[in-house]
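Notes for the one structure printed next.
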Amino acid sequence: MLRTYNIYTILPLNNVNNINLITIAKYCVSKTHVVNTNCLRFSRGTYQLPQVLNYSTKCDTEINSVHSSFDPRIVALREKLLYCDYLDYSKVKMGYLKRYLLKKKIEYGKKKEKTSRLINESVYSVILDTRINENDDEKDFEHLEKHTTVDVPAKPVHMPYASTDSYSNVNESPNEPNTSNLAKSTISLNDKYISLYEKYLTACSAALGKEKLTFDEYLKELDVDASHNEKDSPSSNVPRNWMVDVEQYNDASDQNGTWLNNYGTPNPNSDVSSVPCGGCGALLHCKDQALPGYMPSELFEKKKKQDLQTMICQRCHFLRYYNTTLEVKVSADEYPELLKVIKTKQCAVILMVDLTDFPCSIWPQISSVLHPLTPVFVVGNKIDLLPQDSPKFFIHIKNCLSKAVESMGINKESIKHIALTSTKTGYGIEELINKLHTIWDYKGDVYLIGCTNVGKSSMFNALLQSDYCKVQAVDLIPRATISHWPGTTLNLLKFPILNPHKWRLYLRMLRLKKEQKYKQAEQQFRINQFKETRNLKYVTLQGHVGRTFQLKSRSEIKNNPFLVEGYKRQKVEFDENKKEYKYSRWCYDTPGTIHPDQVLDLLTMEELLSVLPKRIISPRTFVLHTNETIFLGGLGRLDYVKGDSFIRCTIFSSNELPITITRSEDADSVYNKLLKTEAFVVPENNPDRLKQWPALKSKDMEITGVGKNESVADVVLSSAGWIAITAEEAECVLLKAWSPQGRGLHLRTPALLKKSVILRGSRILNTPTYKSGRQAYIN
């Protein structure tokens with residue numbers, strides 16, 4: 001029996017070679033179930049079936065050799081691991097053929113890199129190996145022998161450059177009478193350097209009121225270690241001359257050598273200013289490095305009030321430009337004290353909630369700082385990170401959010417509106433502004449409140465640059481500092497609210513109506529792209545925050561320094577006592593309250609970047625049988641203790657957190673061993689870090705299933721994410737959830753994304769996981 005296949009209809013290959021042909025032959029055999037075939041014919045030749053099968057075995061051996069790069073400590077646990085992303089991720093994401101072609105592509109890249117290195121990098125010697133073919137005649141051999149004398153020593157060769165002369169040591173001592181020109185020029189340069197160096201030490205000694213000092217003595221006078229290395233700095237990401245990045249810093253006036261200190265020089269005898277930091281709200285000072293609002297005395301002293309109004313503290317500067325934070329001494333009891341003013345005045349509240357981390361992102365004592373009649377606008381932020389699972393996606397999430405807020409003691413009558421927004425993409429913010437204008441109008445101030453890392457500062461910046469802020473103040477008020485690090489804002493920040501007169505609302509409505517046409521066209525385009533590519537980025541909710549009103553009158557332009565030609569930044573000043581601001585209503589950004597259920601304060605910056613999702617969450621579904629355990633990185637654990645049949649667990653978390661499944665009897669030992677490897681990602685594989693990592697504590701949970709096509713509840717594992725549980729109808733399931741110190745373990749009913757389980761793909765053979773499937777619902 002003979003079958004002919006066209007290789008170009010099976011797989012498009014730019015460079016088809018025999019190895020790829022044999023691989024495709026094996027692929028054809030497996031797909032067409034050819035058993036009695038003796039040979040396979042291709043457009044570039046015919047191959048015997050035994051040859052194909054033998055080579056396929058060789059390919060399997062080569063692919064298995066890739067696993068040798070894995071940590072042997074993890075490979076040793078293979079028998080105890082039912083599934084491990086570290087070991088099995090490639091098998092789940094791609095089939096045999098794709099993995100083999102990827103392996104060949106990697107090998108080709110390494111070979112190309114090696115060839116490029118051999119050609120371009122210089123070498124010091126080359127041995128030429130001249131070989132003579134057996135068919136060469138005697139004349140050629142005699143001719144070659146005459147020209148192969150080895151009496152002349154070979155010169156070093158730099159490939160692909162020409163040969164060079166040999167090198168020899170040169171005596172550069174100034175006492176030698178016969179020095180070369182190179183040595184003389186070197187002596188001349190050294191003399192000039194020594195002369196400048198002596199002048200530098202003389203000037204430094206005079207500044208310290210001492211006699212001439214050596215460099216080591218000079219450093220001792222400054223109490224600085226001469227052997228200090230930048231890597232030893234508490235903030236290795238921060239350059240030692242970071243202050244030159246600050247516009248107001250004059251490095252020419254620095255006579256004390258304080259550039260050697262990352263934190264500058266504090267002055268405990270100085271006074272605290274009345275100017276708040278534009279990034280976090282803390283009052284600026286230079287008294288103590290550990291207190292909020294600290295600035296080095298080199299930046300703080302001799303600065304006028306209007307200069308300080310354009311500056312930010314050192315902590316905000318490090319967060320913005322170097323992604324590094326400094327610890328400050330702030331008591332957790334001070335946060336509620338700042339919010340108590342809300343209970344004594346007529347105001348509205350925008351309660352920010354992180355949709356990827358609730359109820360852990362709703363402060364339990366929130367009702368204690370609110371008046372019973374205070375109107376509350378509940379904003380579920382980070383909606384762009386949730387994949388749509390049904391036509392009733394938005395309605396169901398609002399119902400779940402309302403139920404969670406009411407459980408914290410807020411009256412249902414006080415909730416005036418529930419909005420779903422994304423401060424990152426701008427989705428839903430224009431609709432929120434419309435509700436604030438129509439419901440709250442201009443009756444009083446507005447406070448942004450919520451736990452740490454829910455997006456309050458991002459919302460503050462979005463509202464500041466929208467129609468909700470007075471036009472004259474948009475360019476005068478600095479933006480709040482935004483960071484992944486929790487607790488960025490340390491005091492109150494504010495901007496004046498624009499009075500929503502009817503004519504302004506009418507002009508705003510015209511702008512939004514005009515933009516709606518473009519918004520619908522863009523949305524339809526993204527839906528079509530998702531249907532073609534199945535890429536989740538096309539279903540990420542997008543929005544745009546625009547501005548209807550601009551400065552138009554001459555008086556407004558004249559009074560705004562940003563529109564005056566040749567203005568100086570240092571003279572920009574926002575005076576809230578001016579006529580246009582004196583009777584304004586204000587929007588305040590408040591510090592984030594610390595929730596005891598959140599584990600964010602236990603994590604380092606690198607761990608935070610892995611835990612917090614950066615793009616839309618891709619749900620991952622697994623099958624879990626009785627007495628099996630599933631790990632979510634090293635942050636969460638779920639045990640299936642008791643049940644009649646298997647359950648499906650749909651995990652919603654950052655894609656960087658790996659999944660590991662093992663038997664419950666082996667869970668403790670596996671966890672302790674994998675903590676010391678790279679299999680968990682979080683916490684970091686660092687002995688010093690693991691000494692401070694807290695132990696996991698558990699909480700029992702019981703649910704009753706509603707059917708295989710709907711998740712009945714979510715097991716919330718604090719800030720790490722949540723697991724949606726799907727069980728058979730009326731089946732009672734007993735679970736045990738674990739997290740560091742037992743923080744943030746909640747059973748959320750109903751499930752937030754209860755229909756995501758039916759969007760899963762097919763079951764992957766010999767694994768407890770499913771393919772991605774649709775991942776998101778589209779009409």
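For what it's worth, full-length UniProt numbering labels the leading residue of the sequence shown as 1, then goes sequentially.
Every residue, glycine too, gets a C-beta built ideally from N, C-alpha and C.
What you are looking at is a predicted structure, and each value in this text was computed from that prediction instead of being measured.
(message) Within 10 Å of its beta-carbon, does Q309 have 16 or more other beta-carbons around it, so buried, or fewer, so exposed?
(response) buried
(message) Give the list of continuous beta strand (DSSP E) stretches no shorter than 3 residues that lie fully inside the segment 299-379.
(response) 347-354
(request) Evaluate contact between the segment 623-633 and the segment 713-727, counting only Cβ atoms and requiring at least three cross-stretch pairs below 8 Å. (result) yes
(request) Grab the span of the beta strand (DSSP E) containing Y83 for me, first residue to last. (result) L81 to C84
(request) Assign P496 to one of three DSSP states: helix, strand, or coil. (result) strand
(message) Measuring straight from C-alpha to C-alpha, what distance separates residue 780 and F394?
(response) It is not possible to answer for residue 780, since the shown part of the chain is limited to 1 through 779.
(message) At 3 residues or longer, what runs of the beta strand (DSSP E) sit wholly inside the UniProt domain "NOA1/YqeH-like C-terminal" (650-749)?
(response) 659-663, 696-704, 713-717, 721-726, 732-740 and 745-748
(message) Tell me the rounded alpha-carbon separation between Q523 and L536.
(response) 14 Å
(message) Quick check on DSSP: helix, strand or coil for C469?
(response) strand
(request) Determine the extent of the beta strand (DSSP E) in which W586 is found, giving its start and end residues. (result) W586 to D589
(message) I need the straight-line Cα distance from L531 to D354, nearest angstrom please.
(response) Checking the sequence, you will find Lys at residue 531 rather than Leu. About 29 Å.
(request) Can you grab the Cα-Cα spacing for the pair S458 / L492, in whole Å? (result) 14 Å
(request) Would you list the one or two residues that DSSP bridges to I415? (result) V376
(request) On the DSSP bridge assignment, give the partners of P276 in chain order. (result) L283
(message) Would L747 and A713 be called neighbours here (beta carbons separated by less than 9 Å)?
(response) yes
(message) Helix, strand or coil for L608? Go by DSSP, reduced to three states.
(response) helix
(message) Between which residues of its own chain and V369 is the CB-CB distance below 7 Å, once the five residues before and five after are set aside?
(response) P336, L339, K340, I342 and K343
(request) Output yes or no for whether 9 Å exceeds the beta carbon distance between K673 and L77. (result) yes
(request) Closer than 8 Å by C-beta to L463: which residues in its own chain qualify, once you throw out the five before and the five after it? Chain order, please. (result) I429, I433, C469, F495 and C587
(message) What does the Cβ neighbour count give for W440, buried or exposed, with the cut at 16 atoms within 10 Å?
(response) buried
(request) List the whole-angstrom C-beta distance separating E607 from P687, where the pair is believed to meet the contact cut-off of C-beta under 8 Å. (result) In fact, because the Cβ distance is near 16 Å, the residues do not count as touching under 8 Å.
(message) For the alpha helix (DSSP H) containing R504, name the first residue and the last one.
(response) K502 to T533
(message) Comparing C-alpha positions only, which one of D700, N709 and F680 sits nearest to Y83?
(response) F680
(request) Could you give the DSSP three-state label for F646: helix, strand or coil? (result) coil
(request) Let me know if D644 comes out buried or exposed under the rule of 16 or more other beta-carbons within 10 Å of its beta-carbon. (result) exposed
(message) Tell me which residues share the same chain as K443 and place their Cβ nearer than 7 Å to its Cβ, disregarding the 5 neighbours each side in the sequence.
(response) Q346
(message) Under 8 Å, with one C-beta from each stretch per pair, do the segment 364-384 and the segment 411-425 reach the 3-pair mark?
(response) yes
(message) Does K456 pass the burial test, meaning 16 or more other C-beta atoms within 10 Å, or should it be called exposed?
(response) buried
(message) Quick check: the segment 737-756 against the segment 592-601, are at least 3 beta-carbon pairs closer than 8 Å?
(response) yes
(request) In angstroms with no decimal places, state the Cα-to-Cα distance between E301 and C313. (result) 13 Å
(request) Count the C-beta pairs between the segment 537-550 and the segment 496-510 that are closer than 8 Å, then say yes if the count reaches three, no if not. (result) yes
(message) Tell me the rounded alpha-carbon separation between K112 and P296.
(response) 51 Å
(message) If I measure Cβ to Cβ from G707 and keep anything under 6 Å in the same chain, skipping five residues before and after, which residues do I get?
(response) E729
(message) Taking the straight line between their C-alpha atoms, what separation do you get for T769 and F646?
(response) 13 Å
(message) Less than 8 Å between C-beta atoms, sequence neighbours within five positions excluded: which residues of the same chain meet that for L657?
(response) S610, V611, L632, G633, L635, V681, V682, A720 and G721
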